[in-house]
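Enquirer: I have a structure here, written as structure tokens, and I will follow up with some questions on it.
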Ligand SMILES: [Zn+2]
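In the numbering used here, the protein residues as written are 708 to 1043.
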């Protein structure tokens, strides 16, 4: 049965969270995946403020390198179940929000907006060569990267989303990245807001390194765990996104992970997308425990708050980026 936030009684405790609780009790055994040091609790009582799924989560930080992770970490079957019930892969084509977003993304206005606000998904980058969009969903990025000159393929675990992308003419692989053995290596791999969803980002970057040609590039965007929006919004920060965001990176830990996976020429910069400011505000204002936050899909409210964020609060956004506390990390690195 499809289980939505609205259909779940608060007194119910789904099996997946009972399992999660048991693993939380055993968390003392867990160590940092990057340096092996112990973890300490930095924030507790986090709940899913987007979809309203049940469960309470904590953020633990490595005492040595500072890499943060969500606890308890759902297992792969648990995550699969959560994604299938909560994420609308290719299944919301009729929604007004999606229609407006699609029109906007393929308009001149969007390219102008990206120049002002920052290009969170590398949609302005032009070039040539083989590009793999990891976590391509229903193929929106594939269409844009094709238009920009690349020979594109996608990889996504969700078969429903892959079917939509294939119908548009794209080759999409639906195996696990660690099992993916391409016949020809890629020149570019894109992880646009994907790495923070991985239960093992260290292994993910090693696999990306494996499927790239020598000198091939990885492009990463992900939330900045040291961003100022986290401080301002606290538990309402949109990028906690528990339990879906399993790791929370800083510029330093992202660099370390890339270097450890064999990448060189690592560049990390920061932007603060107005969309993320708007979403954190909507979460702060409208999120209710155990209920889906429908205002996050209100196109008019989102657009209004984005415009306010970009044009009224631009000095704060600019200053945050300059001081290393922008909300989004953009990383580029090459296979050594
Ligand atoms: Zn560590």
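We put the CB at the ideal spot given by N, CA and C, even for glycine.
These figures come from a predicted structure and were not determined experimentally.
(1) Give me the DSSP bridge partner(s) of residue 817.
(2) Just checking, does the segment 736-744 make contact with the segment 927-937 on the three C-beta pairs under 8 Å criterion?
(3) Which runs of the alpha helix (DSSP H) fall wholly inside the segment 826-858 and span at least 4 residues, in chain order?
(4) Using the C-alpha atoms, what's the distance from residue 845 back to residue 788?
(5) Would you report the Cα separation of residue 951 and residue 932, rounded to the nearest angstrom?
(6) Given this structure, state the Cα-to-Cα distance separating residue 989 from residue 1002, to the nearest angstrom.
(7) Below 8 Å on the Cβ atoms is my guess for residue 901 versus residue 829; work out the distance and round it to an integer in Å.
(8) Is the segment 995-1014 touching the segment 802-813, taking contact as three or more C-beta pairs under 8 Å?
(9) Check whether the Cβ of residue 773 sits closer than 8 Å to any heavy atom of ligand 1, and report yes or no.
(10) Does the separation of the CB atoms of residue 827 and residue 982 fall below 9 Å?
(11) In chain order, what residues of the same chain lie with their CB nearer than 7 Å to the CB of residue 747, ignoring the 5 residues before and after it?
(12) Alpha carbons only, please: which of 972, 942 and 887 is nearest the one belonging to residue 917?
(13) To the nearest angstrom, how far is the alpha carbon of residue 910 from that of residue 786?
(14) Which whole-angstrom value describes the C-beta separation of residue 957 and residue 773, a residue pair presumed to lie in contact below a C-beta threshold of 8 Å?
(15) In the DSSP assignment, find the unbroken beta strand (DSSP E) run with residue 894 in it and report its ends.
Expert: Straight from the coordinates:
(1) In the DSSP output, where bridge partners are listed per residue, residue 817 has none listed.
(2) Cβ pair count under 8 Å is below three, so no.
(3) Restricting attention to alpha helix (DSSP H) runs no shorter than 4 residues, the segment 826-858 encloses them at 847-854, ordered along the chain.
(4) Rounded to whole angstroms, residue 788 to residue 845 spans 19 Å at the Cα level.
(5) In this model, residue 951 and residue 932 are separated by some 15 Å (Cα to Cα).
(6) Looking at the two C-alpha atoms, the distance is approximately 7 Å.
(7) Wrong, their Cβ atoms sit about 12 Å apart, outside the cutoff.
(8) With a cut-off of 8 Å, the segment 802-813 and the segment 995-1014 count as touching, because enough Cβ pairs lie within range.
(9) For ligand 1, at least one heavy atom lies less than 8 Å from the Cβ of residue 773.
(10) Cβ atoms of residue 827 and residue 982: closer than 9 Å.
(11) These residues qualify, in order along the chain: 767, 768 and 770.
(12) Minimum Cα distance to residue 917 is reached at 887.
(13) About 17 Å.
(14) Your pair residue 957 and residue 773 checks out as a contact, with CB atoms roughly 6 Å apart and the cut at 8 Å.
(15) Where residue 894 is concerned, the enclosing beta strand (DSSP E) stretches over 893-899.
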